[in-house]
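Going by the UniProt record's numbering, the first residue of the sequence shown is number 1, and it counts up by one from there.
Report on the structure given below.
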Amino acid sequence: MVGGMMILIAGPYRSGTGDDPELMARNLARLEEAAWPVFRSGHVPMIGEWVALPVLRGAGGDGPADPVAEQIMYPTAERLLRHCDAVLRLPGESTGADQDVRIATERGLPVYHRVEDIPGYRPE
């Protein structure tokens, strides 16, 4: 695949954490675990929080529970999906990840549910 795809990695971040920063950090680490296999397989991994969290801080927000987050978190993923070629939906309940899948499906983008299913997957 020439140039590879930009693949949005979607899964639980805030869901089920009770807004506990440590649990959200663990969820982000789980999302990031998929980044290397996506990259190793010739693609560019993207995680919405990589973009949304600095924007949120710039807007004066102190975390995803801040009221300003509603204007940033989901809209960031929606904007990113205009530039992504596919979604990798990791397991776990997540309203945001489900929304990402819905948007991707509406736009005709492929949705993968296992990193092993992405085109060109290369095991270590």
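Note that CB positions come from ideal geometry on N, CA and C, so glycine has one too.
Model, not experiment: these values are computed from the prediction.
Taking the C-alpha atoms as reference points, what is the distance between R109 and D19? One-based indexing of the sequence shown puts residue 109 at position 109. One-based indexing of the sequence shown puts residue 19 at position 19. Checking the displayed sequence, the identity of residue 109 turns out to be Leu instead of Arg. Computed Cα separation, rounded: 31 Å.
Sub-7 Å separation of L88 and I9 beta-carbons: The residue given as residue 88 occupies position 88 in the sequence shown. The residue given as residue 9 occupies position 9 in the sequence shown. For L88 and I9, yes; Cβs fall inside 7 Å.
Straight-line Cα distance separating M5 from P91: Walking along the sequence shown from the start, residue 91 turns up at place 91. Walking along the sequence shown from the start, residue 5 turns up at place 5. Near 21 Å, if we compare the C-alpha coordinates of M5 and P91.
Just list the alpha helix (DSSP H) runs in the stretch 28-108, keeping only unbroken ones of 4 residues or longer that don't cross its boundaries, in chain order. 35-40, 48-58, 73-80 and 95-106
Do the stretch 108-122 and the stretch 34-49 meet, that is, are 3 or more Cβ pairs less than 8 Å apart? yes
Roughly how many angstroms separate the alpha carbons of W50 and P12, rounded to a whole number? Along the sequence shown, one-based indexing puts residue 50 at 50. Along the sequence shown, one-based indexing puts residue 12 at 12. Cα to Cα, W50 sits roughly 14 Å from P12.
Just to confirm my understanding: we take V101, look at its own chain, exclude 5 residues before and 5 after, and list those with CB closer than 8 Å. What are they? Position 101 of the sequence shown, counting from 1, holds the residue named residue 101. If we look at V101 and ignore the five residues flanking it on each side, its Cβ neighbours are A10, V87, R89 and V111.
With distances taken Cα to Cα, identify the nearest neighbour of V55 among L28, Q71, H83 and T95. Against the sequence shown, residue 55 aligns to sequence position 55. Taking only the C-alpha atoms, the option nearest V55 is Q71.
By DSSP, does R26 sit in helix, in strand, or in coil? Against the sequence shown, residue 26 aligns to sequence position 26. Helix, per DSSP.
For the putative contact between E46 and C84, defined by C-beta atoms under 8 Å, what is the C-beta separation to the nearest angstrom? By one-based count along the sequence shown, residue 46 stands at place 46. By one-based count along the sequence shown, residue 84 stands at place 84. This sequence places Met at residue 46; Glu is not what is there. That pair is a contact at about 6 Å.
Integer Cβ distance of S15 from E93, believed to fall under 8 Å: Position 15 of the sequence shown, counting from 1, holds the residue named residue 15. Position 93 of the sequence shown, counting from 1, holds the residue named residue 93. Contact holds; Cβ gap of about 5 Å.
Got a sec, what are the start and stop residues for the beta strand (DSSP E) M6 sits in? Within the sequence shown, residue 6 is the residue found at index 6, counting from 1. Where M6 is concerned, the enclosing beta strand (DSSP E) stretches over M6 to A10.
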